[in-house]
Amino acid sequence: MKNIFRIESVADYNKLNGLETFHPLVSIVDFSQTVINYSEHTHFYYGVYAIFLKEVNCGELKYGRNTYDYEEGSLVFVSRGQILELVRNNSKVRKGWALMFHPDLILGTNLGKQISDYSFFSYDINEALHISERERKMILELFDKIQFEVSQPIDKHSRRLIVNNIQLFLDYCMRFYDRQFITREYLNKGILEKFENELNTYFKSVKPQELGLPSVAYFADAFHLSANYFGDLVKKETGKTAQEYIQLTVMNIAKDRILDISKPVSEIAYELGFKYPQHFTRMFKKSVGMSPSEYRNLN
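Per the numbering used here, residue 1330 is the first one in the sequence shown, and the count goes up by one each step.
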């Protein structure tokens, strides 16, 4: 992979874009003030958290196999450890903002303990958050508050105020994503129908014996979605996690197959993809309230 810029710190990103660093652990970037110091096709490794708010189409962002076109009024969330490719469009003016913060900023804080709850940091680029004009203004107001603190001399209050404002911003993004799931309800229901069909097709095939029990990532990949986005979609539509939904389907199929007394329970367990029959028995008892043998005898 050519031209990989490693963004290990806030200062690395600021230097790359010709900006001064006012705080070592956090930065608000105004793209209209940046000076580009990299080629049109560039890969970036992020060792920091980054959120991009794009105002105009200024190029393509690629993550894995997916391409995101920097739609206007969209937020893209990047977690540390991700590699993104930027295909820059030199014919268009850069306009927008970015929030960068190093993991050390939130170490030991409530946000540091809860950062994994913001699952959108693990969404694919094509699952970006599309915001309204009103939402955009609210986000920019929070960015202004963070920028104000970043531009002040660091004192004992700085870190708490900056982190609290970042957490407030992320909490609003959670709300906006919930709204986006609701506005895409029709599309989501279509995915759920396909999910159910794919589940039933999986267990009618030999895949359980070959691949074992299906994972959330298996179905997410089938629908070209990230596992986190797919899991959140299922949870918001059904009230159950995707893993719980899969397990419920497995148990429903198991209850039907157990009534076939010509097959021992161990054989049914292997047919469903369990490596060990005792794991099947444990899951069945936890779900149904009795062992497979007890269920068979009762029915």
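Cβ atoms here follow ideal geometry from the backbone N, Cα and C, with glycine treated the same way.
Should residue i go down as buried or exposed, given a rule of 16 or more other Cβ atoms within 10 Å for buried?
i        : result
Tyr-1531 : buried
Ser-1480 : exposed
Glu-1349 : exposed
Gly-1618 : exposed
Glu-1478 : buried
Met-1537 : Sequence check: residue 1537 is Pro here, not Met. So Pro-1537 ends up on the buried side.
Asp-1589 : exposed
His-1352 : buried
Ile-1511 : exposed
Glu-1514 : exposed
Asn-1494 : buried
Give the single residue among the options whose Cα lies nearest to the Cα of residue i.
i        : options                                : result
Thr-1438 : Lys-1466, Gln-1496, Phe-1472           : Gln-1496
Ile-1468 : Gly-1402, Val-1364, Pro-1621           : Gly-1402
Glu-1527 : Ile-1511, Asp-1550, Gln-1509           : Asp-1550
Val-1535 : Asn-1581, Glu-1600, Phe-1472, Lys-1592 : Glu-1600
Leu-1490 : Asp-1507, Arg-1335, Phe-1472, Phe-1505 : Phe-1472
Val-1355 : Tyr-1375, Lys-1592, Ile-1475           : Ile-1475
Tyr-1374 : Phe-1510, Glu-1522, Val-1407           : Val-1407
Gln-1509 : Leu-1562, Phe-1609, Leu-1521, Gly-1602 : Leu-1562
Ala-1427 : Gln-1443, Lys-1565, Lys-1383, His-1372 : Lys-1383
Lys-1523 : Leu-1436, Glu-1470, His-1553           : His-1553
His-1372 : Arg-1513, Ile-1333, Tyr-1547, Thr-1512 : Ile-1333
Ile-1483 : Asn-1517, Gly-1347, Leu-1434           : Leu-1434
Asn-1443 : Met-1503, Leu-1415, Gln-1411, Lys-1485 : Rather than Asn, the amino acid found at residue 1443 in this sequence is Gln. Among Met-1503, Leu-1415, Gln-1411, Lys-1485, the Cα nearest to that of Gln-1443 belongs to Met-1503.
Please look up how many angstroms separate the CB atoms of residue i and residue j, rounded, as I've assumed it's under 8 Å.
i        : j        : result
Ile-1454 : Val-1405 : 6 Å
Ala-1571 : Val-1545 : 4 Å
Ser-1338 : His-1459 : That belief does not hold up - the Cβ atoms of Ser-1338 and His-1459 are roughly 30 Å apart, past 8 Å.
Pro-1606 : Ser-1616 : That belief does not hold up - the Cβ atoms of Pro-1606 and Ser-1616 are roughly 16 Å apart, past 8 Å.
Met-1429 : Val-1364 : At roughly 17 Å, the Cβ-Cβ gap does not stay under 8 Å, so Met-1429 and Val-1364 are not in contact.
Pro-1543 : Ile-1587 : Contact doesn't hold; Cβ gap of about 20 Å is too wide.
Phe-1449 : Tyr-1501 : Contact doesn't hold; Cβ gap of about 12 Å is too wide.
Do you know offhand how far residue i's Cα is from residue j's?
i        : j        : result
Glu-1464 : Leu-1499 : 12 Å
Asn-1343 : Gln-1362 : 11 Å
Glu-1462 : Ala-1379 : 21 Å
Val-1525 : Ala-1556 : Checking the displayed sequence, the identity of residue 1525 turns out to be Glu instead of Val. Rounded to whole angstroms, Glu-1525 to Ala-1556 spans 16 Å at the Cα level.
Val-1579 : Lys-1424 : 50 Å
Lys-1614 : His-1608 : 10 Å
Phe-1559 : Phe-1381 : 22 Å
Val-1358 : Ile-1336 : 14 Å
Thr-1567 : Glu-1573 : 10 Å
Where does residue i sit, in a helix, a strand or coil, going by DSSP?
i        : result
His-1486 : coil
Asp-1359 : strand
Tyr-1300 : Outside the modelled stretch of the chain, which goes from 1330 to 1628, sits residue 1300, for which no answer is possible.
Glu-1414 : strand
Asn-1386 : Residue placement at Asn-1386 is poorly supported in this model, since its pLDDT is 49, which falls under 50; the coordinates are not used for a value here.
Phe-1351 : coil
His-1608 : helix
Val-1405 : strand
Check whether the Cβ of residue i lies closer than 7 Å to any heavy atom of the ligand NAP, and answer yes or no.
i        : result
Gly-1425 : Of the ligands one can find in the structure shown there are none, so the ligand NAP has no counterpart to examine.
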